[in-house]
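Participant: Protein chains in written order, with my numbering: chain A, 2 to 86; chain B, -8 to 201. Don't be surprised by glycine CBs; every beta carbon is placed ideally from N, CA and C. These numbers were taken from a predicted model, which means no experiment stands behind them.
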Amino acid sequence: MVRVKDRWPPGHARTPAYLRGKCGIVERSCGMFNNPEQNAYRLKPDGRELLRVRFTMAEVWGDAAENPDDILEAEIYEHWLTPLD
Amino acid sequence: MPHDHLSPSGHPYREDNDQPLTYWQTMEIAVRELLVEKGHITAEEVHAQIDAMDARSPAMGAVVVARAWTDPVFKAALLEDGSSACRDMGFDIGPMHLIAMENTEDTHNVVVCTLCSCYPRNLLGLPPDWYKSREYRSRTVREPRKVLAEFGVNVPTTMKIRVHDSTADMRYVVIPQRPSGTDGYSLDQLADLVTRDSMIGVAIVKQPGV
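See the structure below:
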């Protein structure tokens, strides 16, 4: 299990707001990519592992979930994830 | 009022684009002209690149799907590494990182990009306008069943929906389920059935004649 960090730094980030603070499991690793938070400002980007994280709709939307068992998956960079195991 | 005038077809004339350029339109022209002036690229190369992008269409993806339906070894390779499998078929998909997701009896996949409008352009060509709309982007992650129903796809509650939010570097193509009644079909006949929307996950591939 991992949790998406509930951080709100200024500037460009590719972690959707609606997933911050939510828990999921790693579906797969996509490999290393340039950190978009540096890339966006033409800073020399560090390599970051990109992970696909699987969430349940119940986790993302709580009682408002349309169907709690449906799945949502998104790509999240490693520095936005806290391992929970 | 010019916009009250209708063309002979009964449709209003489109207004001329006489308004000033936006900041980014000006920037694009300035950068392009500088690159040409300094000899880094030519106007012909720019045009050739636009042509190359316009030449990409859902037909490329349809061929990939048809092959996945008929060739289990290829399907396994496509699910393992979407980019390599498409390149091995001879498609120039550039540097795109592609993931293929297979619809099954149990699971229906649908693709969205909530942050902007990421789309597998190098395989399917330009995205439809609705894909970039705020409604599609915000609602598909929140109420995918309702959105799919509006597209005419009613996913039974016995099936799971898997929404893929294309948030970063990967691009997605859905392998729809092969319709029944297509057993003797050739690759070309199968590819003709595969629509753009079915590869985004907002349509199913219909049995011909049904």
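Who are Pro3 of chain B's beta bridge partners in DSSP?
Facilitator: Paired residues: B:Leu(-3).
Participant: Measuring CB to CB, does Val164 of chain B end up less than 8 Å from Val132 of chain B?
Facilitator: No, they are not a contact pair.
Participant: How far does the beta strand (DSSP E) with Val154 of chain B in it reach, from first residue to last?
Facilitator: Val154 of chain B -> beta strand (DSSP E) spans Lys151 to Asp156.
Participant: Would you say Tyr42 of chain A faces chain B, with C-beta separation under 8 Å as the test?
Facilitator: Tyr42 of chain A does not count as touching chain B.
Participant: Beta-carbon of Glu74 of chain A versus every beta-carbon of chain D: anything under 8 Å?
Facilitator: Protein chains in the displayed structure are A and B, and chain D is not among them.
Participant: DSSP three-state call for His99 of chain B: helix, strand or coil?
Facilitator: Strand, per DSSP.
Participant: Please specify which runs of the beta strand (DSSP E), each continuous and at least 3 residues long, are wholly inside the segment 104 to 178 of chain B, giving them in chain order.
Facilitator: The qualifying runs are 151 to 156 and 161 to 166.
Participant: DSSP three-state call for Thr13 of chain B: helix, strand or coil?
Facilitator: Coil.
Participant: Across which residues does DSSP place Pro199 of chain B in a beta bridge pair?
Facilitator: Pro199 of chain B pairs with nothing; no bridge assigned.
Participant: Can you give the beta carbon distance from Glu28 of chain A to Val3 of chain A, rounded, assuming they're within the 8 Å contact cut?
Facilitator: Glu28 of chain A to Val3 of chain A, Cβ: 11 Å. No contact.
Participant: Measuring CA to CA, which of A:Leu85, A:Pro69, A:Val5 and A:Gly12 is closest to Ala41 of chain A?
Facilitator: Nearest option by C-alpha distance: A:Gly12.
Participant: In whole angstroms, what separates the C-alpha of Glu35 of chain B from that of Lys6 of chain A?
Facilitator: Near 47 Å, if we compare the C-alpha coordinates of Lys6 of chain A and Glu35 of chain B.
Participant: Applying the criterion that 16 or more other CB atoms from any shown protein chain within 10 Å of the CB defines a buried residue, is Ser157 of chain B buried or exposed?
Facilitator: Ser157 of chain B is buried by the Cβ-count criterion.
Participant: Assign Met(-8) of chain B to one of two classes, buried (16 or more other C-beta atoms within 10 Å of its C-beta) or exposed (fewer than that).
Facilitator: Confidence at Met(-8) of chain B is low in this model, with a pLDDT of 49, below 50, so the placement of that residue should be treated as unreliable; the coordinate-derived value is given next. Flag for Met(-8) of chain B reads exposed.
Participant: With C-beta atoms as the reference, is Met206 of chain B less than 8 Å away from His88 of chain B?
Facilitator: This structure gives no information on residue 206 of chain B, because the portion of chain B shown stretches from -8 to 201.
Participant: Ordered along the chain, which non-local residues of its own chain (more than five positions away) have a Cβ less than 7 Å from that of Phe65 of chain B?
Facilitator: Arg58, Ala59 and Ala76.
Participant: Using a Cβ cut-off of 8 Å (strictly closer), state whether Pro84 of chain A contacts chain B.
Facilitator: Chain B contact via Cβ: absent.
Participant: With distance defined between alpha-carbon atoms, name the residue in B:Lys29, B:Gly30, B:Ile32 and B:Gln180 nearest to Ala53 of chain B.
Facilitator: If we check each option's Cα against that of Ala53 of chain B, B:Gln180 comes out closest.
Participant: Determine whether the Cβ of Glu67 of chain A lies closer than 8 Å to any Cβ atom of chain B.
Facilitator: It does; some Cβ of chain B falls within 8 Å.
Participant: Which residue wins for smallest C-alpha separation from Ile77 of chain A, given the options A:Cys31, A:Gly63 and A:Asn68?
Facilitator: Looking at the Cα atoms, A:Cys31 is the closest of the given residues.
Participant: Classify Gly30 of chain B as helix, strand or coil using the three-state DSSP reduction.
Facilitator: In the structure shown, Gly30 of chain B sits in coil (DSSP, three-state: anything other than H, G, I, E or B).
Participant: In whole angstroms, what separates the C-alpha of Leu178 of chain B from that of Thr61 of chain B?
Facilitator: Each residue's Cα considered, the two are about 8 Å apart.
Participant: Determine the extent of the beta strand (DSSP E) in which Leu73 of chain A is found, giving its start and end residues.
Facilitator: Where Leu73 of chain A is concerned, the enclosing beta strand (DSSP E) stretches over Ile72 to Tyr78.
Participant: Which residues does DSSP list as the beta-bridge partners of Ala91 of chain B?
Facilitator: DSSP lists B:Val164 as partners of Ala91 of chain B.
Participant: Could you tell me whether any Cβ in chain B is nearer than 8 Å to the Cβ of Cys31 of chain A?
Facilitator: Yes, its Cβ sits closer than 8 Å to a Cβ of chain B.
Participant: Taking DSSP as the reference, what is the three-state secondary structure of Glu67 of chain A?
Facilitator: Glu67 of chain A falls in the coil class under three-state DSSP.
Participant: Which value, in whole angstroms, describes the spacing of the CA atoms of Tyr19 of chain A and Phe56 of chain A?
Facilitator: Between Tyr19 of chain A and Phe56 of chain A, the C-alpha separation is close to 12 Å.
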